[in-house]
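Enquirer: Take this structure first; my questions come after.
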Amino acid sequence: MASTSTTPSPPATPHRNWLELPADLTSSILQRLGTVGVLVSARKVCKTWRTICSDPSMWRVVNLGYSDNSAYLKDFDCSLDSGMEKLAKKAVDLSCGELVEFRIEDFASDELLQYIANRSGQLRRLQLVSCYGVSTEGLSEMIKKLPFLEELRLYYIPVSQQAIEVAGHCCPQLKSFSFNRHGYRWPHVECDEDALAVAENMPGLRYLQLFGNKLTSNGLLAIIEKCPYLESLDLRQCFNIANLEHDLAKRLSQKIKVLRLPYDSTEDYGYDAEINDWDSFDEDYPSGLSDIDIVSEDYDFYEFSGGSDIDMDSDYMLYDYI
């Protein structure tokens, strides 16, 4: 009689208790959820995670914006900036003064900037993107309280060159600066205010990005002469300097190690790089704008309302609202 054989069962997978992971490993995993994910979700899972999420080391880098947090904010509309601002304040509070990098996109107010500055004197890196509620005065007052700032990146922020001047005077360790606009080839407008403000007030820069700026060869020359340590210069969509004189172009190429020119590719830019030319004109000015209107980008913006305020006194914050 033939013997029968049985296939041995695979060994049972040992049960893993995720709460037994080392705290530093758990912290690293949770940080991948992003600031909003940790604040509105991970902190509520259990006491162990809540303790880990309350460690100031979790909040040295804070990144807040709508686009990166759609999974958590899917039930919100864009009018709820106040809710996002309260999340930002909670992150600042949890950092206990250890915050070194803050990135904000799509929302912010002067009041929020003051809240951050008053509690984050060690801040090294600040990035603001499409924060239309921020004014020149509000940003300037914040920068005055950040003497250790090394990197300042401003994308599509309606502030004037005054903020550049303040940053140059109050942030002696500033090495990297971005002041980016939307690129325009037409109408043809020349304005060296930003470039001259950089040249006169930021001599220690190593990296400079002026994406979409209206500077001319005069402004560019001032930067070259008065920023002796400059190694990287990004001038993409700065169409006024697309055809530089030979001597200036040669001097630029000799001095700058990493150079991006007006028509270089924007694939790695990471933000809106659409060229916003005006195609229609009304008599002397496009869309009825004057010379002053065209040159100035310190516009006023309407404030939309309708979003409900959110009670952030609860430790659960937005989680209960969602």
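Quick note: to get the working numbering, add 221 to the position in the sequence shown (first position is 1).
Ideal Cβ positions, reconstructed from N, Cα and C, are used throughout, including at glycine.
These figures come from a predicted structure and were not determined experimentally.
1. Could you give the first and the last residue of the continuous beta strand (DSSP E) run that contains Tyr377?
2. Count the other CB atoms, across all protein chains shown, that sit within 10 Å of the CB of Val479; report buried if there are 16 or more and exposed otherwise.
3. So, Ala312 versus Leu320, is the Cβ gap smaller than 9 angstroms?
4. Measure the C-alpha to C-alpha separation of Ile515 and Val410 and round it to an integer number of angstroms.
5. By DSSP, does Ile337 sit in helix, in strand, or in coil?
6. Along the chain, which unbroken stretches of the alpha helix (DSSP H) at least 4 residues long are found entirely within the segment 307–368?
7. Does DSSP put Gly509 in a helix, a strand or coil?
8. Classify Asp489 as buried or exposed, calling it buried when 16 or more other Cβ atoms lie within 10 Å of its own Cβ.
9. Of the choices Gln348, Leu441 and Asp327, whose alpha-carbon is the least far from that of Asp302?
10. Ser399 lies in the beta strand (DSSP E); which residues open and close that run?
11. Going by alpha carbons, who is nearest to Leu308 out of Leu442, Val259 and Thr272?
12. According to DSSP, is Asp455 part of a helix, a strand, or is it coil?
13. Just verifying my parser: in three-state terms, what is the DSSP assignment at Gln430?
14. Among Ser397, Leu360, Gln383 and Gly433, whose alpha-carbon lies nearest the alpha-carbon of Cys484?
15. Which first and last residues belong to the alpha helix (DSSP H) in which Val257 is found?
16. Verify whether the separation of the beta carbon atoms of Arg481 and Leu441 is less than 9 angstroms.
17. Under the rule that 16 or more other beta-carbon atoms within 10 Å means buried, what is Cys352, buried or exposed?
18. Go ahead and pull the three-state DSSP assignment for Val479.
19. Would you please state the rounded distance, in angstroms, between the beta carbons of Asn422 and Glu452? I believe it to be under 8 angstroms.
20. Determine the direct distance from the alpha carbon of Leu333 to that of Asn339, and round the result to whole angstroms.
Expert: Judging by the given coordinates:
1. Counting along the chain, Tyr377 falls outside any beta strand (DSSP E), and DSSP gives it neither H nor E.
2. exposed
3. yes
4. Note on Ile515: pLDDT 37, under 50, position unreliable in the model; the coordinate value appears next. The alpha-carbon atoms of Ile515 and Val410 are separated by roughly 8 angstroms.
5. helix
6. 331–340 and 357–364
7. Any reading at Gly509 must be qualified, since the residue scores a pLDDT of 38, below 50, and its modelled position is unreliable; the value itself is stated next. Three-state DSSP puts Gly509 in a helix.
8. exposed
9. Asp327
10. Ser397 to Asn401
11. Val259
12. strand
13. strand
14. The identity of residue 484 in the sequence shown is Tyr, whereas the question assumes Cys. The candidate whose alpha carbon is nearest that of Tyr484 is Gly433.
15. Gly255 to Val261
16. no
17. buried
18. strand
19. That belief does not hold up - the Cβ atoms of Asn422 and Glu452 are roughly 19 angstroms apart, past 8 angstroms.
20. 10 angstroms
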